[in-house]
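J.:
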Amino acid sequence: DAGVTQSPTHLIKTRGQQVTLRCSPKSGHDTVSWYQQALGQGPQFIFQYYEEEERQRGNFPDRFSGHQFPNYSSELNVNALLLGDSALYLCASSLAVGTGFFRQETQYFGPGTRLLVL
Amino acid sequence: SQQGEEDPQALSIQEGENATMNCSYKTSINNLQWYRQNSGRGLVHLILIRSNEREKHSGRLRVTLDTSKKSSSLLITASRAADTASYFCATDAKTGFQKLVFGTGTRLLVSP
Chain F
560 DAGVTQSPTH
570 LIKTRGQQVT
580 LRCSPKSGHD
590 TVSWYQQALG
600 QGPQFIFQYY
610 EEEERQRGNF
620 PDRFSGHQFP
630 NYSSELNVNA
640 LLLGDSALYL
650 CASSLAVGTG
660 FFRQETQYFG
670 PGTRLLVL
Chain Z
105 SQQGEEDPQA
115 LSIQEGENAT
125 MNCSYKTSIN
135 NLQWYRQNSG
145 RGLVHLILIR
155 SNEREKHSGR
165 LRVTLDTSKK
175 SSSLLITASR
185 AADTASYFCA
195 TDAKTGFQKL
205 VFGTGTRLLV
215 SP
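Protein chains in written order, with my numbering: chain F, 560 to 677; chain Z, 105 to 216.
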């Protein structure tokens with residue numbers, strides 16, 4: 560059973576360019592979340608996709624956009640890259656168990672894509 | 105912004121010793137999870153503790169949760185060199201769909 564996969568593993572771009580990162584969730588999972596992790600920091604939530612729609616978003620500008628496909632895989636797009644976008648981008652997949660208080664969604668993370676903006 | 109803080113920021117111990125790291129958070133939560141990250145790669149899920157639980161064990165790991173103090177601790181017993189990694193706590197706030205909010209992490213170094 561394959562875990563969460565991400566591509567590419569590394570990427571170098573220049574300021575102003577656009578980038579697309581890809582994620583395939585763990586088998587059976589229907590929810591994909593994206594996180595940005597700057598060097599020396601904890602991951603920060605970008606957004607979450609469920610049933611092909613963005614259902615929650617963190618404090619990131621509109622330059623960050625995403626998509627979820629019918630097979631639950633997902634893409635993260637970043638436009639007009641800035642030097643500060645250099646980071647490790649992590650994808651996590653999950654499947655809700657229960658509802659409300661009893662909801663437990665363990666998020667399983669992929670290995671990440673390291674983006675360097677020059 | 106980060107939800108909270110892990111303490112200490114860095115911890116260096118010898119193999120066989122126990123390692124304790126603490127996490128504080130700010131809002132009411134559904135659950136709290138601990139993750140391990142090796143060399144800046146993907147995060148590995150270690151354990152989830154619900155807000156109505158006070159203690160949970162998994163192998164050499166023991167997690168406690170004190171919701172009145174908004175804090176949690178992770179104890180790794182009989183540590184091994186392979187435990188060297190960064191450890192993060194992540195909270196799932198009572199705000200609807202799950203959105204993990206991570207702390208700043210504790211860097212653990214276990215020397216042989």
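We put the CB at the ideal spot given by N, CA and C, even for glycine.
No experiment lies behind these values; they were computed from the predicted model shown.
Is G625 of chain F helix, strand or coil when you go by DSSP?
T.: Reduced to three states, the DSSP call for G625 of chain F is strand.
J.: Along the chain, which unbroken stretches of the alpha helix (DSSP H) at least 4 residues long are found entirely within the region 562 to 587 of chain F?
T.: none
J.: Just checking: is the beta-carbon of F604 of chain F within a distance shorter than 9 Å of some beta-carbon in chain Z?
T.: yes
J.: Identify which residue in Z:S176, Z:V148, Z:N134 and Z:I153 has its Cα closest to the Cα of P82 of chain Z.
T.: In the structure as shown, chain Z begins at 105 and stops at 216. Residue 82 of chain Z is therefore absent and cannot be evaluated.
J.: Below 8 Å on the Cβ atoms is my contact criterion, and I expect Q607 of chain F with S583 of chain F to pass it. Report the Cβ-Cβ distance as a whole number of Å.
T.: Rounded, the Cβ-Cβ distance is 16 Å, inconsistent with contact.
J.: Return the residues of the region 624 to 655 of chain F that lie within a Cβ-Cβ distance of less than 8 Å from chain Z, sorted by chain order.
T.: Cβ contacts with chain Z come from L647, L649, A651, S653 and A655.
J.: Looking at the C-beta of G617 of chain F, does it have a partner C-beta in chain Z at a distance below 9 Å?
T.: yes
J.: Using the Cα positions of T131 of chain Z and T672 of chain F, report the straight-line distance between them to the nearest angstrom.
T.: 30 Å
J.: Where does D644 of chain F fall in DSSP's three states?
T.: helix
J.: Throw me the rounded Cβ distance for the T590 of chain F and L654 of chain F pair, which I believe falls under 8 Å.
T.: 7 Å between Cβ atoms; contact.
J.: 9 Å is my cut-off, CB to CB: does R673 of chain F come that close to chain Z?
T.: yes
J.: Within 9 Å (strictly less), CB to CB, does G587 of chain F reach chain Z?
T.: It does not; no Cβ of chain Z falls within 9 Å.
J.: Check whether the Cβ of H161 of chain Z lies closer than 9 Å to any Cβ atom in chain F.
T.: Not one chain F Cβ lies under 9 Å of H161 of chain Z.
J.: Tell me whether D196 of chain Z sits in a helix, a strand or coil according to DSSP, three-state version.
T.: strand
J.: Between the Cα of G209 of chain Z and those of Z:A123, Z:I133, Z:Q141 and Z:S116, spot the shortest distance and give me the residue it belongs to.
T.: Of the listed residues, the one whose Cα sits closest to G209 of chain Z is Z:Q141.
J.: Count Cβ pairs between the region 612 to 621 of chain F and the region 562 to 576 of chain F that sit closer than 8 Å; are there 3 or more?
T.: Flag = no, the region 612 to 621 of chain F and the region 562 to 576 of chain F do not touch.
J.: When the Cα atoms are used, what is the spatial distance from E634 of chain F to P567 of chain F?
T.: 11 Å
J.: Check whether chain F comes within 9 Å of L115 of chain Z, counting only Cβ atoms and requiring the distance to be less than that.
T.: no
J.: Residues bridged to S183 of chain Z by DSSP?
T.: According to DSSP, which records beta bridges pairwise, S183 of chain Z is partnered with nothing at all.
J.: Which residues in the same chain as Q202 of chain Z place their Cβ atom closer than 6 Å to its Cβ, once the five residues preceding and following it in sequence are excluded?
T.: D196
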